Amino acid sequence: MANRAYNFNAGPAALPLEVLERAQKQFVEFENSGMSLMEMSHRGAVYEKVHFEAVALLRELMGIPHNYKVLFIQGGASTQFAMVPMNLIKSGKAPAYIATGSWATKAIQEAKMFGDITIAASTEADQYRRVPAINELQYSEDTSYLHLTSNETIEGTQWREYPDTGSVPLIGDLSSDILCRPIDVSQFAVIYAGAQKNLGPSGVTIVIIREDLIGQPDLPVPTMLRYSTHAKADSLYNTPPTFAVYMMNETLKWLKEQGGAAAMEQRNREKARLLYEVIDGSSGFYRGFAEPGSRSIMNVTFRLGSEELDKKFVKESEAEGFVGLKGHRSVGGMRASIYNAVPVESVRALVNFMKDFQSRNG
Ligand code: PMP
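Take the sequence shown: its letter number 96 is residue 96 in the UniProt record's numbering, and every next letter is one higher.
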C-alpha cells in the first residue's frame, strides 16, 4: 500500500488510489497490445475504444441529453475563456457575465478581447464571499449568452441552483464542481471543465455543447479554436491527449462504481459538513470565508485570527502529512479542496488536527 498523504490540493488534485493502481498495472502494456497506451496511434481501434467509452460514461453519469455533443479539448478551462466568446458572440449582442470571483474575472477579461460585455451581477463589493441571488441578475433577453462560474475555486463559493435563462444560452464553467452532484445539463447551452479536479489528471478539458450552437461563428476563428472542428471529428481532429483521456475514463469508471453523481453528492456534503461544523463551532477561532448560503462543497476556505497563526497552521499541518491547505495567494488563509476522490478519512484527520490546533493555540 502506498504511503498516501492527506491530499487537499486544489488541482491537479487527489485521484482515487484504485485508479492509480489500475493504471499502474496497465502502464507498460495495455490490454495485450504489446505497447503502452501512450505509444499507440489515436486512430487505432484500441485507443478509440477508450476515447468513446469516456464519452459514453460522461453522458451516462451526467445524464447528457442526445442533442448535446461531448468534446475533449486541450488548453485547459483557460482556453475556454476565449473559445466561448469567439464561437458564441453574435454580432451586436454583447454577452453577459456574472462576476463571482477570481475565475469569473479571468473569463470576463478574456471575453472583453472580443468586444463589449455586460455584467449581469457582481459580488465584488462583498469581496466575492457569495454568489448572487437569482433575482439580482440583470441581463437583456437579447444577449449572446449568460456566463457563470459554478464553483469559485479560490474563494470557496458555489451556486446552489442555476438561473433559468429561457432562450438565453447559459454557459457554465464547472471546472471545480463537475460531477460533484447531479445537475440538469439541459439548463445549460455549454458546460466546460478542466479534468484535473474531479475527473482525472490535467491535459484534457471537457466541453458539453448543445448542437444548435455548433455553427459558423460570427467572428473569424482559427480551426483549432472552433467548436465545429472538434464536434465534426469526435474530438479526433488532431492528436488528443490520449493518456489524460485514458485516466479520465478510469476515473469515470470508478465514479460509476461508487454510485455516480448522487453518491458523490452525499459523500461530498458529508465531507463539507464535517469541516464547516468545526469552523462554526470554534467560537471564532476559525472564520469561514464564504457566506454560509454560498459555501462550496468542493473548496472549504477559512482563516485564523492572524496571518501569523495562518502560517503556523500551514506549517504544522504539513508536518502532520496534510498537503495543499495553504489558500490561494490572492486571498490568503486556508483552503481544503475536497473533490470527489478525497476520502472522508482525510477530512476526519483534518478535523481532528483542526480541533487539536485550536486547543493548543486558542
Ligand atoms: N475555472 C475554474 C473555476 C478553475 O478552478 C480553474 C483552475 N483552477 C480554471 C477555470 C482554469 O483552468 P485551467 O488551469 O484548466 O486552464
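Virtual Cβ for every residue (Gly too), placed ideally from N, Cα, C.
Computed from a predicted structure; not experimentally measured.
**OP:** Return the chain-ordered list of same chain residues with a C-beta closer than 6 Å to the C-beta of T149, the five sequence neighbours on each side being excluded.
**Re:** When the five nearest sequence neighbours on each side are left out, the beta carbons in the same chain lying within less than 6 Å of the beta carbon of T149 are those of T100, W103, A104 and D173, in order along the chain.
**OP:** State the Cα-Cα distance for the pair residue 371 and W254, rounded to the nearest angstrom.
**Re:** Nothing can be reported for residue 371, as the shown portion of the chain is limited to 1 through 362.
Subject >> Span of the beta strand (DSSP E), counted from its first residue to its last, around L71 >> reply: Y68 to I73 is the extent of the beta strand (DSSP E) around L71.
**OP:** Report whether the distance from the Cβ of A77 to the nearest heavy atom of ligand 2 is below 7 Å.
**Re:** As for ligand 2, it is missing from this structure, which binds only ligand 1.
Subject >> Span separating the alpha-carbon of K311 from that of A56 >> reply: K311 and A56 have their alpha carbons spaced roughly 45 Å apart.
Original post:
What runs of the beta strand (DSSP E), each 3 residues or longer, lie entirely inside the segment 40 to 126?
Top reply: DSSP runs (the beta strand (DSSP E)) wholly in the segment 40 to 126: 68 to 73, 96 to 99 and 118 to 122.
**OP:** Would you mind working out which of I134, Q80 and Q74 sits nearest I98, comparing C-alpha positions?
**Re:** Selected option, being the one with the closest Cα: I134.
**OP:** Using 7 Å as the cut-off, classify the Cβ of S175 as near or not near the heavy atoms of ligand 1, replying yes or no.
**Re:** Checking every heavy atom of ligand 1 against the Cβ of S175, one is found closer than 7 Å.
Subject >> Residues near S202 in its chain [Cβ-Cβ closer than 8 Å; skip 5 each side] >> reply: Correct list, in chain order: G11, P12, G76, G194, A195, Q196 and A244.
**OP:** State yes or no: is the C-beta of W159 nearer than 7 Å to some heavy atom of ligand 1?
**Re:** False, no ligand heavy atom lies under 7 Å from that Cβ.
**OP:** Give me whichever residues DSSP pairs with K326 in a beta bridge.
**Re:** Beta-bridge pairing links K326 to M334.
**OP:** May I ask you to list the residues that DSSP assigns as paired with G172?
**Re:** DSSP lists L148 and I191 as the beta-bridge partner residues of G172.
Original post:
Going along the chain, which residues of its own chain have a beta-carbon closer than 8 Å to the beta-carbon of L71, five neighbours each way excluded?
Top reply: Same-chain partners within the cutoff: I206, V207, I208, I209, Y227, H230, A231 and S235.
Original post:
DSSP state of Q158, grouped into three classes?
Top reply: Under the three-state reduction of DSSP, Q158 is assigned to strand.
Original post:
Going by the beta-carbon positions, is the gap between L88 and Y145 smaller than 8 Å?
Top reply: Closer than 8 Å, so yes.
**OP:** Grab the span of the alpha helix (DSSP H) containing I279 for me, first residue to last.
**Re:** Counting along the chain, I279 sits inside the alpha helix (DSSP H) bounded by residues G260 to D280.
Original post:
Touching or not, the segment 36 to 47 and the segment 251 to 268, by the rule of three or more beta carbon pairs under 8 Å?
Top reply: Touching, no, given that fewer than three Cβ pairs across the two stretches are closer than 8 Å.
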